[in-house]
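Asks: In our numbering, the protein residues as written are 515 to 1018.
Glycine included, each C-beta is placed from N, C-alpha and C at the ideal position.
Structure provided below as structure tokens; questions to follow.
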Amino acid sequence: MAAIGFDIGTTRCKASFVDETGRAQIVPNRRGDLFTPSAIFFEDGKRPIVGVEALAEGFLQPEHVHTCFKRVLGSQEALYADADGKTYTAMDFQTILIKAIKEDVEARLNEAVDEAVITVPANFKDHKKQATIDAAKAAGIKTLKLLHEPTAAGIAHALDKKQDQCVVVYDLGGGTFDVSVLETKGDEITVLTSTGREKLGGEDFNARIETYVVELFAAENHYTPTLEADPMFFSELAEKAEQAKVALSDKTTTRIVIGCRGQQSIVEITREKFQELTKDLLQDTVDCTCEAIAETGKTWSDIDVILLVGGAVRMPAVETALADVSGISPRMNVEPDRAVCYGAALQCAIELEAMGKAVTIGGRAIPTPNVLVREVTTHGVGCCVVAKDGTLSNAIILPKGTAIPTTKTDRFALQFDAQTEARVEVLQGEEGQARNACLSIGCVELANLPPQQRPSKRIEVTYAIDHNGMITARGHDLIGGDQVEIRIDYSKGVEESGVSQTAA
Ligand code: AMP
């Protein structure tokens, strides 16, 4: 069975496999491209179109193309309804993407693919991880493991370098920013912390160029285009802003020529101007990196390597900002936009071997990588408590940074002697955070409890976090003996926003 990794990004998807030498390689898609844009175009009555063709179709009909939906994965909101009234959530879109990538891989490798390791941002909460597993399942893929993106890049790096190091993985992709601090020692990788910004990536840098161009266009032509009135202007601008950003990684000046309603502007953008427009975004990633290092109790002097990962690290300002704050020259040892996907395939080989399955490619056995990864939780897990003033907040049971998999048991007393029901709501979030700002995982509910003579801590709740970082819990009434599993309910999660329904 081939060892396959999927990196289903906010703006681009990649798939990889482990070759006969034991190294990971990208599987080109059916067009021969190494990356497939995370874009879907719908046309009534027809199979959805995915990737470059979806963006091309969407150029003329921007209202029919969907991009950046990974940003709202886990939300129940319907993003599209077809002519038959069938509605699609972000998870349904992910299913369409994964299915298209799976089919491309199967065609290239000439074998069926039904198991893989899938990467996710380190910061993903449980409902988004569950939506990823469900989307893959609906696409015909069993997720052997959900691997945090910076950890995946760390695996690719560690297997490449084979040195004892303390590594900061700085991962700026299309839609998310992740940073991990990890230690590599012999065949072991220990993740000390992972954190990030769920909605900060290359797309946000493009958006700054777009806003700048709209302002200049409006000043020059005395007309301000709007998304509602001028959708084609914005789909053209999105494409040109992306091209301008990429161009500014190589040269110091570029131009955007853009027209709307018979008027045209030529906007010159220098690298300096672009860096000024996006300074705060970059600073946010640097601050987040410094916070991650502080969380581990280390300082920059303890760090051996800064590993740059994700397509957006090709912006020269990233390297400069990190070198300035750390005194270290960041490295791109493995191709920055492939490292995550490479790590996923390598981890898949490890998982398959651990399951006793033969890891092969084209029928030939491959050498499996030998590495043990120790992961940590990227969010705390607690239970909802009521303060005297009635406010609801999170009381931490398993703090962020706990090594996984893990379990922890806690005991609670009932509030009243005559109480016959108990309900513990499990929250994913940090200590003291308001209930509404946390993700409600669900409730452990015990009913028909035998009344109690004297108060005691009779309700035992066991929290478990598995190797994917996913949470379960079970309750046990120590007096009556009843045991229940948590009822998971992701419909009341934190508020979501930021999906784009136009070509990006
Ligand atoms: P990834 O999620 O790793 O595939 O990264 C995708 C992001 O990298 C997108 O926002 C791209 O615009 C960005 N990107 C790719 N190449 C470059 C480049 N040469 N300069 C700046 N950004 C880039």
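1) Rounded C-beta distance between Ala538 and Leu821? I'm assuming under 8 Å.
2) Using CA atoms only, rank isn't needed, just tell me which of Arg545, Glu753, Glu786 and Lys765 is closest to Ile772.
3) Check whether the segment 799 to 810 and the segment 758 to 771 are in contact - that is, three or more C-beta pairs closer than 8 Å.
4) Figure out for me which residue from Arg937, Gly904, Thr633 and His981 has the closest Cα to the Cα of Ala948.
5) What does the shell around the ligand AMP hold, if a residue joins when its beta-carbon is under 5 Å from any heavy atom?
6) Leaving out five residues on either side along the sequence, give the residues of the same chain with a beta carbon under 6 Å from the beta carbon of Glu809.
7) Between which two residues does the alpha helix (DSSP H) holding His457 run?
8) Tell me whether the segment 832 to 851 and the segment 664 to 673 touch, counting them as touching only if at least three CB pairs, one residue from each stretch, are closer than 8 Å.
9) Which residues mark the beginning and the end of the alpha helix (DSSP H) in which Thr609 is found?
10) Could you tell me which residues DSSP pairs with Phe531 in its beta bridges?
11) Using 8 Å for Cβ pairs, my map puts Gly956 next to Asn908. What's the rounded Cβ distance?
12) Taking the alpha carbon of Glu712 as the reference point, which residue from Asn735, Ala733, Gly687 and Thr725 has its own alpha carbon closest?
13) To the nearest angstrom, report how far apart Thr976 and Val695 are at their CA atoms.
14) Taking only three categories from DSSP, how would you classify Asp558?
15) Please list the segments of the beta strand (DSSP E) lying wholly inside the segment 852 to 927, counting only runs of 3 or more residues, in order along the chain.
16) I need the DSSP call for Asp685, collapsed to helix, strand or coil.
17) Going by DSSP, what residues sit across from Ser954 in a beta bridge?
18) How far does the beta strand (DSSP E) with Glu822 in it extend, from its first residue to its last?
19) Which residues bound the alpha helix (DSSP H) around Gly572?
20) Kindly indicate which three-state DSSP category Cys774 falls into: helix, strand or coil?
Replies: The structure says:
1) Wrong, their Cβ atoms sit about 16 Å apart, outside the cutoff.
2) Checking every option, the nearest Cα to that of Ile772 belongs to Glu753.
3) Short answer: they don't touch.
4) Ranking Arg937, Gly904, Thr633 and His981 by Cα distance to Ala948 puts Gly904 first.
5) The answer, residue by residue, is Gly523, Thr525, Arg526, Gly687, Gly688, Gly716, Val760, Ser763, Gly824, Gly825, Ala826, Arg828, Met829 and Asp851.
6) Thr707.
7) Nothing can be reported for residue 457, as the shown portion of the chain is limited to 515 through 1018.
8) Yes, since at least three Cβ pairs between the segment 832 to 851 and the segment 664 to 673 fall closer than 8 Å, the two stretches touch.
9) That run of the alpha helix (DSSP H) goes Ala604 to Leu623.
10) Bridge partners of Phe531: Ile518 and Gln539.
11) The pair is not a contact, with the Cβ atoms about 14 Å apart (cut-off 8 Å).
12) Glu712 has its Cα closest to that of Gly687, out of Asn735, Ala733, Gly687 and Thr725.
13) Approximately 29 Å between the Cα atoms of the pair.
14) Three-state result, Asp558: coil.
15) The segment 852 to 927 is shown to contain whole beta strand (DSSP E) runs of 3 or more residues at 886 to 890, 895 to 900, 906 to 912 and 920 to 926, in chain order.
16) If DSSP states are grouped into helix, strand and coil, Asp685 belongs with the strands.
17) According to DSSP, residue pairing for Ser954 in a beta bridge involves Leu941.
18) It is worth fixing the name first, because residue 822 is Leu in this sequence and not Glu. Under the DSSP assignment, Leu822 falls in the beta strand (DSSP E) whose first and last residues are Val819 to Val823.
19) Secondary structure note for Gly572: its alpha helix (DSSP H) is the uninterrupted segment Val566 to Leu574.
20) Note: Cys774 maps to strand in three-state DSSP.
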